[in-house]
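Residue numbers (full-length UniProt numbering): 1 to 158.
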């Protein structure tokens, strides 16, 4: 299987979610199923059906997280030394050439991406355009409104 890149923070978040699913959510849904069974006829019991559906979702999510963690390559950005180049885990300060707008992104794994927090997926078009570049370089990104050009102002490993 291919390895999945995750930042240290992203791996911790997945481990926390896995722990919550196994220790809290799983037990809550088992109790909900037991309560629904106690009500009698299961053929027309909406609570039972909903609890069984939730149980299926929880078990599926547990398997998904365990699979991701087993194939994860955990990368600590503060330990990187890529010679000033943009790589997975780096934080990049950019300036959009046309508007002059400044943005900061950290390149993270697919599960960690959250644009509102400045976390972009390694598989996103902008991250792919930035990988391998250095401060002073210009990255061209194909956006829905046309090509956008970003100048790399600073590359940080934090």
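Just so you know, even glycine gets a beta-carbon here, dropped at the ideal spot from N, CA and C.
When the options are compared against residue i, the one with the closest alpha-carbon
| i | options | result |
| --- | --- | --- |
| residue 3 | 145, 80 and 75 | 75 |
| residue 83 | 133, 42, 5 and 17 | 133 |
| residue 61 | 17, 106 and 50 | 17 |
| residue 87 | 144, 129, 11 and 145 | 129 |
| residue 5 | 73, 30 and 15 | 73 |
Residues that DSSP places opposite residue i in a beta bridge
| i | result |
| --- | --- |
| residue 102 | 95 |
| residue 3 | Answer is none; residue 3 lacks a bridge partner. |
| residue 151 | 95 and 138 |
| residue 162 | As shown, the chain starts at 1 and ends at 158. That puts residue 162 outside it, with no answer to give. |
| residue 156 | 91 |
| residue 114 | 119 |
| residue 86 | BP columns for residue 86 are empty, so no partner. |
Range covered by the alpha helix (DSSP H) that runs through residue i
| i | result |
| --- | --- |
| residue 55 | 46-70 |
| residue 130 | 125-130 |
Short CB-CB distance (under 8 Å) between residue i and chain C
| i | result |
| --- | --- |
| residue 117 | Among the chains of the structure shown, chain C does not appear; only one protein chain is present. |
Span of the beta strand (DSSP E), counted from its first residue to its last, around residue i
| i | result |
| --- | --- |
| residue 122 | Neither: residue 122 is in no beta strand (DSSP E) and is coded neither H nor E. |
Inset, instruction - For the region 93-101 and the region 136-150, state whether three or more C-beta atom pairs, one from each stretch, are separated by less than 8 Å. - result: Touching, yes, given that three or more Cβ pairs across the two stretches are closer than 8 Å.
Legend entry - Start-end ranges of the alpha helix (DSSP H) lying completely within the region 11-48, minimum 4 residues: Listed in chain order, the complete alpha helix (DSSP H) runs (minimum 4 residues) inside the region 11-48 are 26-38.
Inset, instruction - Could you tell me whether the region 59-78 touches the region 116-125, using the rule of 3 or more Cβ pairs below 8 Å? - result: The region 59-78 makes no contact with the region 116-125: fewer than 3 CB pairs, one atom from each, lie closer than 8 Å.
Legend entry - Cβ pair count under 8 Å reaching 3, the region 100-113 against the region 32-42: Counting C-beta pairs with one atom in each stretch, the region 100-113 and the region 32-42 have fewer than three that are closer than 8 Å, which means they do not touch.
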